[in-house]
Structure formats: C-alpha cells, structure tokens
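Quick note: the sequence shown uses UniProt numbering, first residue 1, plus one each step. We put the beta carbon where it would ideally sit given N, CA and C, even for glycine. Here the structure is a predicted model, which is why all the values come from computation and not from measurement.
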Amino acid sequence: MANLFEWLGTWVQVSHDYDAGFLQFMLALATGGLIVVLFAMNDFGAMPIGGADNVVAKFPTRILASRDELKRAMIVYVTAMIVALVALSVLGPAALKIGGFTPPAALVPVLPLLIALILVGAIRRVGYLEQIERNLGQFARERAYIPAATLAIADKMAAAEFDFAPYQDGAMLALPAMAGVEQGDFTRPRGSLEYGWARLCVLSYELDAGRSATLVGLLGNPVLQTLETERQTLADDVVEYRAQLRLGRSYSAAQLQARIRETLRAYHILLAGAVRRGLAPGADVTLALVRLGFLCAESQQPVSERGNLIIGGLGVMAASVLVLVMAAAGLSGWWHASRNFPASAPDAFLWCLSAVSAHGAAILLADRVRTRALARGRWYRRDAHGPISPLANLIRVGIVCGFGGYAVLVSWGAMYQEIVTPALLKGMAAYAMMPATTGAFYAFALDNVELHRRPPRWLEITLQACATAFFGLLACSAWFALVGDDPRTGYDLVILVTLFGAVIGGSLGWYIPAGVQQDPHDPLAEVRIARVHKLEEVARSNFGDAKAAQQWLEGAFVQLGGRTPRAAACEGVDGYDDAVGLLNNPQERIVV
C-alpha cells in the first residue's frame, strides 16, 4: 500500500509539475469538490434555462421542475462537475493554458481548488471552462426532463379547450384583468387574436385571484409580476386595435398576435410548473388541470426517465474500456510495446476519459438532432407498410456526431500536448469515425424501439461491436498514414484500438437498446403525438369524410408557411392553433 501511494505521489508530481505531494493534491481536490457541491446546492435551482427558446429563458430552473426532478438534476450536475474537476486536475496546468490563462507557479500545487473556483464562476472566467459548466448544467437538466416534463404539460394545457362559462357574465368582463375582452371572444376560432387575448386574460385572473392563485406561491411570484406587466402593456395595444377596427381603419395585428401568443405560452408554463410542484409523485396531473378549467383528455402513461440510460450506458462503457486498457498496460511488458501504447494506470485513465467524452458528446448530439427533426415532423417517412426511418437520417446524425467527437478529441489532445499541431488535427480526424458510429447506432436503437422493429439482442450487440471495431481498425491505420508513421511499427496499438472499438460498441449495444425498450417514452413526444391526433379528429369531424380530411392534412398551405397542417401541429401549439383556424375558414385556404 505504501508503494502504491508513493507511486501515485510521484506520478502527480512528475507528470504535472506539482511541487507538493499527493496529499496536498488530494486535499485541494477534496476542497474543490466541496465548493462544487455547495455551489450546486445554492445556485443550481436559480440558474436560467439556456437555449434559443426566449419564453423558457425567462424562468429559473426551480420553476420548471418538480421537487424530485430538481433533486435528480442536482445529483447529476454535481457528479458531472466533479468528474470534470478530476479530469481537468489530472491534466494539470495545460487545462488552463488552453483557455489562455497561465496559473501562477505558487498556485500550481492547489490547481484543483483553482479549477473548481473557475468552474463555478467565483473567480476569473476562462471561456471554455465557463462553457463546460453551462453544458454540464444543461446535461443535468435534460437527464431529469427539465424543462421537458413541464413544457409537455404546458403544451397539453395550451392545446386543450378551456371552460369559459364562469367568465362570460358582465360582472367578470368589467374586471380590470379582462380589459379588452368582449363577450364574443370566447367563441372565436382558435388561432384568432381575440381568442388568444381572452384566454390570456382569463389565465391572468386565475393566477391572481382565481382557482390557481394559491399554486404559484412565493417561488413564482417574481415571474408572475413580470408577466403581468407584459400583459398590461398588451392590454393597451389590444384596446387600440379594437378602436381602429371600429373606425374602419386597417391595423396590422401580426406582431400583436405574436406577442399575445408568447405571453400566453409563458402563463401556461408558469401554471404547469406550479401544478407539478404542488402534486405528489405519481399524482394525476390531468385531474388537476380539469379542476382548473382545462378540458383535457385522459392521462396517458407517466413521464419516463429515459434520459438516465445515457449515463448508465456511458458508465458501463467506461468500466469496460478501463478494464481493457489497464489489462493491456499491464501486459505491455511481455513484448517491445510501441511508442503510443498505454503503459500505466494514468494512461488507461486518460484513454477512458477521452472515450467517455467523445462518445458521450456523440450520443448527446445524436439525441439533439433526432429530437429536433421529430419536433419538425421530418424524421420518419411513410411507405406502404407504415412509418420508416430513412438511412439518410443515420448518415446525417453520424456526420454531426463525427464533427462533435472530432472537436472533443482535438481538445483532449491539445490539453495533453499543450499545443495544437497539424499532426494532431490530421490524426484525430481519423478517430472521429468512432463517435460518428456511436451516434448513428444510438439513433438507430431509438428508431427500432419506436417502430417496434428491434433485431435480436445478439445481433444488436454484434452489429455495433463489429462496426465500431472496424472503424477503430480503419482509424488507427489511417492515423499512422496521416502522421507519417509506418503502421507496422505499431501493430500492437492497431490491435488494441480495434479491441477498444469492439468493447465500446459492444457495451453500448448491450445497454442502450434494452434501456430504451424498458423506458421508451418522451413527454414532449407524447404531447406532440396527442396534438396531431387531436387535429386529425377535428379534421375528420369538420369534413365528415376520412379521405377528404386526409387530403387536407397532407396539403401544404401558404397560411401555414408552406407546411402541412399535420407538420404545423407537430411543431407546436401555435401551429396547431393556426391549422384549426384554417380548418374553420375554408375560404382562406391557399394551397402551395
């Protein structure tokens, strides 16, 4: 045991220029880990949700999560931050130099503490470390379905009809909260400005003094006050809009309607978050919404935890490749190992971290690309036998994941070498084929489960293991050619990388498809499918003929931006409202 600690201390000191011993390094690492934990407990819930959705960006994390989801996300966030802290600390000062910050020599012995403070933003910002912290926060939220679960409920509320009966008498319409609302607005078609404004005012009243007033609580009051200020500004514009119409003047209402829709969506999201925070785990959300006046359909299956399977899959992969490379390093003394062959436990650890980073990034990118294509109704196609996923989808995913994996591998190489060289850029281009394969197989597994076309389990594992091993063999052989070396001098490395690819593919092929099969549901996908089905029912009822309804659903219309009604409804609630509005106004239909 003493020899082990002596070896570890020597490795830390020699490999990364630490003047202090192993104990000092570990103390700084433990202190840095404690800082990360305290930061997460204090600030994670207040973090805004990133992304391109301007409405969601108005809400802090804790508003858009149930208590259980927030706890799970925090655990994932802390774990991921500590893993990042350990990895960056092991890489040493080079981890900061790549971001343009050279730590003073006096701080090198406590580098883990310095990295922790930079990661949480307590001291100087280093660009790529700040981006790592944001990405880890986003990763943790997505694994706990934040904000997906709340947005799914908000979309369900927005697509549902509302019981306006209590608000149609004169006394209610005279309230300040109902300014600009007229009696006939409640029966206007969905998608019209008047209907949207009436619904917005009703929700505002409900959250301020009605049945929903007690749900928001102190936690949501600051957001509610901000939204109410926006609504009051809109009220003045709606009054002006109605005045211009009464005078027979033209008034461009497109921008006003867009602002009403955006604010209405924010109210739905706020109320959805409040409802979910107030319910016990497993409670019927639909029943709670019905009590608030939303005419929702019966509850479907509960929200799943499929996001956690990515962490599990990467964990299985990490353990498998670590055992493989540790064994290879231990056996390397049996022959004259080549220059780049792993020779120690630190080498095995770095191989494992780089694989988890590159293939983890590939899986996340594949999930993102596929989710966005599904949201736009552009992933599946139909043939005579039903929906299919074209091979082009997997090729596109593979290309995106290849670029993502390449960026991660170059970053690892730059931190390890402390410089980006042409040889590094060329060599890593070959290895990008392996994460590209992982991303494509991840999307392939999800498609097979959703389409109920899973191949036999042995075939799933064998296909992915063989494909990743083949590209590992190809990548390593190409790497020698790209950097100008003779592959015959590194036959042992070629064999190891081939086995490395087989273990990566086999472990992920063993874990991911089975995990998806056990938990295949996505809350936003479920609501999206339900919204499309509802539009199909409305169309059949309107036309009275299934064939005519189908032709209308598959036609592209100018009013829908050249989209089909089905694609518009799939994309979002606004598209659904526009499609219903178009359905109720046949004289306005203009086919593309």
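Alpha helix (DSSP H) segment containing D577, residue limits: For D577, the uninterrupted alpha helix (DSSP H) segment begins and ends at 573 to 583.
Cutoff 8 Å; reference D578; Cβ partners in own chain excluding five residues on either side: Once the five neighbours on either side are set aside, the close Cβ partners of D578 are G191, Q559, L560, A568.
Residue-chain proximity (W552, chain D), Cβ-Cβ < 8 Å: Looking at the structure shown, chain D is missing, and only one protein chain is on hand.
DSSP-derived helix/strand/coil call for I49: Residue state, collapsed to three classes: coil.
Contacts around P387, its chain only, beta-carbon distance under 6 Å, and the 5 residues preceding and following it disregarded: Excluding positions up to five away in sequence, the list reads Y380.
Where the alpha helix (DSSP H) containing T263 begins and where it ends: That run of the alpha helix (DSSP H) goes 254 to 278.
Nearest-angstrom Cα separation, counted from D169 out to R372: Distance from the CA of R372 to the CA of D169, rounded to the nearest whole angstrom, comes to 44 Å.
V55 versus E262 - alpha carbon distance: As the crow flies, the alpha-carbon of V55 is around 7 Å from that of E262.
Segment limits, alpha helix (DSSP H) that includes R291: Note, R291: alpha helix (DSSP H), 285 to 291.
Three-way DSSP call (helix, strand, coil) for P565 in this model: Residue state, collapsed to three classes: helix.
Those residues which DSSP pairs with I388 across a bridge: Residue pairing by DSSP puts I388 in a beta bridge opposite R381.
DSSP-derived helix/strand/coil call for L295: Looking at L295 - three-state DSSP - the assignment turns out to be strand.
Cβ shell of N448 (< 6 Å), same chain only, five flanking positions each side left out: Closer than 6 Å at the Cβ level, and outside the excluded window around N448, lie R454.
N- and C-terminal bounds of the alpha helix (DSSP H) containing N448: For N448, the enclosing alpha helix (DSSP H) begins and ends at 433 to 450.
Three-state class that DSSP yields for L60 in the structure shown: Reading off the sequence, residue 60 comes out as Pro, not Leu. In this structure, DSSP gives P60 an extended state, which the three-state scheme calls strand.
Rounded separation between A140 and P456 - CA only: If you take the alpha carbons of A140 and P456, they lie about 32 Å apart.
Rounded C-alpha distance that separates L493 from C401: Rounded to whole angstroms, L493 and C401 show a C-alpha spacing of 24 Å.
Delimiting residues of the alpha helix (DSSP H) encompassing G196: Its alpha helix (DSSP H) spans residues 193 to 209.
Short Cβ contact (8 Å threshold) for A152 with H268: Against a cut-off of 8 Å, the Cβ pair of H268 and A152 comes out as no contact.
Among V497, G210, E69, the one whose alpha carbon lies nearest that of N340: For N340, the nearest C-alpha among the options comes from V497.
Cβ contact (3+ pairs, closer than 8 Å) linking the stretch 65 to 85 and the stretch 23 to 42: Because the criterion of three Cβ pairs below 8 Å is met, the stretch 65 to 85 and the stretch 23 to 42 touch.
A481, buried or exposed, once every other Cβ within 10 Å from all chains shown has been counted against 16: Exposed is the call here.
Expected contact under 8 Å - CB spacing of S332 and A343 to nearest Å: By a beta-carbon distance limit of 8 Å, S332 contacts A343. Their separation comes to about 6 Å.
Beta-bridge pairing of F162 - partner residues as DSSP gives them: Within the DSSP secondary-structure output, F162 pairs in a beta bridge with F294.
Residue nearest to L136 in terms of C-alpha spacing, selected from F44, T214, V532, L473: If we check each option's Cα against that of L136, F44 comes out closest.
At least three beta-carbon pairs within less than 8 Å, the stretch 184 to 204 to the stretch 143 to 151: Too few Cβ pairs lie closer than 8 Å, so no.
Candidates V580, L287, Q257, of which the one nearest L234 by Cα: The shortest Cα separation from L234 among V580, L287, Q257 belongs to Q257.
8 Å contact criterion, which V573 and A159 should meet: CB distance rounded: Contact holds; Cβ gap of about 6 Å.
F341, DSSP secondary structure in three states: Here F341 sits in coil by DSSP.
Counterpart residues of F44 in DSSP-defined beta bridges: DSSP lists no beta-bridge partner residue for F44.
Expected contact under 8 Å - CB spacing of T462 and H359 to nearest Å: Cβ atoms of T462 and H359 stay farther apart than 8 Å, at about 19 Å.
Close Cβ partners of C296 (< 8 Å) along its chain, the five nearest in sequence each way excluded: Excluding sequence neighbours, C296 sits near K156, M157, A160, T286, L289, V290.
Exposed unless 16 or more other CB atoms sit within 10 angstroms - verdict on Q464: Q464 sits buried, since 16 or more C-beta atoms from the chains shown fall within 10 Å of its C-beta.
Proximal residues to V369 (C-beta, below 6 Å), its chain only, five neighbours per side dropped: V397, V400, listed in sequence order.
Top-ranked residue by Cα proximity to G509, from A443, R528, G180, R265: Residue A443 is the option with its Cα nearest to G509.
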